[in-house]
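Residue numbers (our numbering): 1469 to 1661. Let me begin by presenting the structure, written as structure tokens, before commenting on it.
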């Protein structure tokens, strides 16, 4: 073998190794993509609330839902539902069931169907509300509720439109005590005794 043939063989081996490296890195990248499900969005929701006194017997409940894009792809919002349910004062039929020693929940149920006192359904045109990866978006809601309402449950549901064929998405349920400053201070005094 002369020097020219050795050089040609080395060039062929080098080209083959580069081709193999490109194929292996492509397979590896695709495998990581599938493993990390990077084509699917991931989100989290948090709630914060504020109360503002209104007319006699009414309060404004301001709910802020913070939606955070936890994934590596753009998160597109198309619809969201927010419900406010009254837990305290409880409905009379619940109190009667408790007094009678009856079961509160039907077989297979996990939550009591608290009375709904507010519902907002929000829809956006496709592409109108998008959240980039690692960013967040606040969605604000105002509800007028009775001043006698002391505890509420806030429920949020946001559909995952990447999975259109399945009814899945992200949800959050939080419970909030709605005591005003005077009520809170008298409750605090009572607990110190």
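Just so it is clear, CB atoms sit at the ideal spot from N, CA and C, and this is done for glycine as well.
Assignment of beta-bridge partners to residue 1544 by DSSP yields 1598. A Cβ-Cβ distance of about 7 angstroms is found for the pair residue 1591 and residue 1546, placing them in contact under the 8 angstroms criterion.
If you ignore the 5 residues before and after residue 1522, its C-beta comes within less than 7 angstroms of the C-beta of 1528 and 1612, all in its own chain and listed in chain order. With a cutoff of 8 angstroms on beta-carbon distance, residue 1555 and residue 1643 are scored as near each other.
In the displayed model, residue 1484 falls within a helix according to three-state DSSP. If you check the CB distance, residue 1519 and residue 1646 come in under 8 angstroms.
About 35 angstroms separates the beta carbons of residue 1626 and residue 1495, which is beyond the 8 angstroms limit, so they are not a contact pair. When DSSP assignments are scanned along the segment 1610-1648, the uninterrupted stretches of beta strand (DSSP E) that are 3 or more residues long and fall wholly within it turn out to be 1619-1627 and 1637-1645. A Cβ-Cβ separation of about 7 angstroms places residue 1624 in contact with residue 1515 under the 8 angstroms criterion.
Taking a C-beta distance under 8 angstroms as the contact criterion, residue 1562 and residue 1572 qualify as a contact pair. Judged by their CB atoms, residue 1600 and residue 1537 are nearer to each other than the 8 angstroms cut-off.
Straight across, the Cα-Cα distance linking residue 1480 with residue 1498 is about 27 angstroms. Distances from the alpha-carbon of residue 1614 to those of 1526, 1488 and 1510 put 1526 closest.
Where residue 1528 is concerned, the enclosing beta strand (DSSP E) starts and stops at 1526-1537.
For residue 1561, the enclosing alpha helix (DSSP H) stretches over residues 1560-1567. For residue 1589, the enclosing beta strand (DSSP E) stretches over residues 1584-1591.
Residue nearest to residue 1551 within the set 1581, 1630, 1570 and 1476 is 1581 (criterion: CA-CA distance). Listed in chain order, the non-local C-beta contacts of residue 1597 below 6 angstroms within the same chain comprise 1545, local neighbours out to five positions each way being set aside. Short of 6 angstroms from the beta carbon of residue 1606, and not among the five residues preceding or following it, lie these beta carbons of its own chain, in chain order: 1532 and 1534.
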